[in-house]
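Asks: Following this message is one structure expressed as structure tokens.
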Amino acid sequence: MREGSIHILLVSKPTDPQPSYSVMFIDPSTPTVGGRPWRKVTGDDDLVRLLRDDIGIHKDLIDDILKRARGGMTTVPRVQLTPEQQRALGL
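Structure below.
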């Protein structure tokens, strides 16, 4: 199990029909060689599913995370993922 942070960046334009986000898991113990994978997520519903169902972030935190992500960028600290989960989620 690795502990790190989830970084969410709003990448869509205001004129886009729905928001798009890039999501990355940063594990501070892993050196940054060759960049880290970003997962593109389209729409708030898909972002919520990724955070809540796939990553396991508590539902009480989701609304605040989503609000901050809509503002441009946010970080969710102290997230634990196994290397297998990282690969399966594209993070």
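For what it's worth, our numbering labels the leading residue of the sequence shown as -5, then goes sequentially. Where a beta carbon is used, it is the ideal one built from N, C-alpha and C, also for glycine.
(1) For L4, which residues from the same chain have a beta carbon less than 7 Å from its beta carbon, with the 5 sequence-adjacent residues on both sides left out?
(2) With respect to the beta strand (DSSP E) encompassing R72, which residues constitute its N-terminal and C-terminal limits?
(3) How would you call L55, buried or exposed, if buried means at least 16 neighbouring beta carbons within 10 angstroms?
(4) Just to confirm my understanding: we take R90, look at its own chain, exclude 5 residues before and 5 after, and list those with CB closer than 7 Å. What are they?
(5) Report the rounded CA-to-CA distance for L17 versus G50, giving the unit in angstroms.
(6) Output the boundary residues of the beta strand (DSSP E) element that contains V35.
(7) At which residues does the beta strand (DSSP E) containing L3 begin and terminate?
(8) Between which residues of its own chain and G37 is the CB-CB distance below 6 Å, once the five residues before and five after are set aside?
(9) Apart from the five residues just before and just after Q74, which ones in its own chain have a Cβ nearer than 6 Å to its Cβ?
Replies: Result, derived from the coordinates:
(1) For the purposes of this step, residue 4 is taken as the residue at position 10 of the sequence shown. Here the set comprises P13, Y15, A63, R64, G66 and M67.
(2) Here residue 72 refers to the residue found at position 78 when the sequence shown is read from its first residue. Its beta strand (DSSP E) spans residues M67 to L75.
(3) In the sequence shown, residue 55 corresponds to position 61, counting from 1. That one is exposed.
(4) The structure shown has nothing for residue 90, since the chain only spans -5 to 85.
(5) As a working mapping, residue 17 is identified with position 23 in the sequence shown. As a working mapping, residue 50 is identified with position 56 in the sequence shown. In the sequence as presented, Leu is not what sits at residue 17; that position holds Val. Cα to Cα, V17 sits roughly 15 Å from G50.
(6) What you label residue 35 is simply residue 41 of the sequence shown in a count that begins at 1. Counting along the chain, the beta strand (DSSP E) containing V35 begins and ends at R33 to T36.
(7) Residue 3 sits at position 9 when you count from the first residue of the sequence shown. L3 -> beta strand (DSSP E) spans R(-4) to L4.
(8) Taking the sequence shown and counting its residues from 1, one reaches residue 37 at position 43. Hits under 6 Å: Q12.
(9) Within the sequence shown, residue 74 is the residue found at index 80, counting from 1. These residues qualify, in order along the chain: M(-5) and E(-3).
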